[in-house]
Every structure is written in C-alpha cells, then in structure tokens.
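Enquirer:
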Amino acid sequence: LSRAMKRSTLPRRLAEQISLSIQQQLGCDICMAAHTAAARVAGLSDGEIALARSGTASEPTAAALIVYATQVHRSPASVTGEQIEDLRRLGHSDRQLLDVVGLVTLNHLTGAFNLVAGLQLDQEYTS
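Once you know that position 103 of the sequence shown is 103 in our numbering, the rest is easy, because the numbers rise by one and skip nothing.
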C-alpha cells in the first residue's frame with residue numbers, strides 16, 4: 001500500500017495536510033511527528049499545520065478534500081454522490097478522490113499498528 005501511494009496524484013502539501021488530519025483523529029504521536037516534519041519540508045506553515053490537524057485548510061479546495069478524507073476515515077458509507085460531484089466541481093479528479101481513500105487507509109493502518117503495538121515516540125522526531 002505504501003509503495004502504491006507513492007504514485008498518488010495528490011500534491012505533497014495536500015497529502016500531508018490529509019495525513020495530519022487523520023493522525024490527529026487517531027492520536028498516534030509517532031505518525032503526527034513524522035507528518036508534521038514532512039509538512040514543514042513540503043512548505044506548510046505552523047498555521048497550516050494547525051488547521052490541518054483541526055480538519056481544515058485556509059485554501060477552500062484543500063479544505064474540502066480534507067473534510068472528505070475525514071469522512072472517508074470516520075464513516076465511508078456516508079459519502080454521497082452529491083459530495084463527490086461537489087469535489088469534482090472544485091477541480092478534484094476521480095483519481096485524486098481515490099488516492100484520498102488510499103492515503104486515509106495507509107494512515108489508519110500505520111497509526112493503528114503503532115498504537116496497538118504500544119510504540120513510543122523517540123527523540124528523532126521531537127526536535
């Protein structure tokens with residue numbers, strides 16, 4: 001799954017915003033630290049990182065995709081055709097919408113594994 005997601009069509013900044021939102025919901029400190037560091041490398045400001053962690057973004061099309069990702073994570077069966085059409089009207093391709101599902105799944109998998117395994121954040125990500 002990780003290898004497949006390397007071919008994602010989502011811009012890196014947006015992928016990190018989505019990852020931050022999902023990891024905030026899961027509560028995985030290891031993943032949160034890693035995605036915060038990656039978000040900074042991708043050029044996100046502390047303000048944008050904070051918005052992503054709260055499930056939104058300052059840019060409306062990014063915010064809409066983050067909300068969609070959150071819904072895919074919490075209740076995928078509740079996503080409606082109308083919502084998909086709204087995302088398409090905002091310029092998101094079907095490929096991007098599917099990539100979000102993969103990204104949400106990968107984030108859930110890694111975060112849940114770390115939490116169930118009881119893995120702890122090491123010093124590598126705390127600076």
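Ideal placement from N, C-alpha and C gives every residue a C-beta, glycine not left out.
Roughly how many whole angstroms lie between the Cα atoms of Leu65 and Ala112?
Expert: 22 Å
Enquirer: Take the Cβ of Pro11 as the centre, count every other Cβ of all protein chains shown within 10 Å, and call the residue buried at 16 or more, exposed below.
Expert: exposed
Enquirer: Using a threshold of 8 Å, state whether the C-beta atoms of Ser8 and Gly81 are closer than that.
Expert: no
Enquirer: Do Leu1 and Leu109 have their beta-carbon atoms positioned less than 8 Å apart in this structure?
Expert: yes
Enquirer: Using the Cα positions of Asp29 and Gln120, report the straight-line distance between them to the nearest angstrom.
Expert: 8 Å
Enquirer: To which residues of the same chain is Thr70 closer than 8 Å at the C-beta, ignoring the five residues directly before and after it?
Expert: Ser21, Ile22, Gln25, Gly55
Enquirer: Please state if the CB of Gln17 and the CB of Leu44 are separated by a distance shorter than 8 Å.
Expert: The Cβ atoms of Leu44 and Gln17 lie closer than 8 Å to each other.
Enquirer: Determine whether the beta carbon atoms of Ile49 and Ala62 lie at a separation below 8 Å.
Expert: No, the Cβ-Cβ distance between Ile49 and Ala62 is not below 8 Å.
Enquirer: Tell me which same chain residues have a C-beta within less than 8 Å of the C-beta of Leu106, skipping the five on either side of it?
Expert: Leu1, Ser2, Met5
Enquirer: For Ser127, which residues of its own chain have a beta-carbon under 6 Å away from its beta-carbon, when the five flanking residues on both sides are left out?
Expert: For Ser127, the predicted structure reports a pLDDT of 44, less than 50, and the residue's modelled location is therefore unreliable. The matter cannot be settled from this model.
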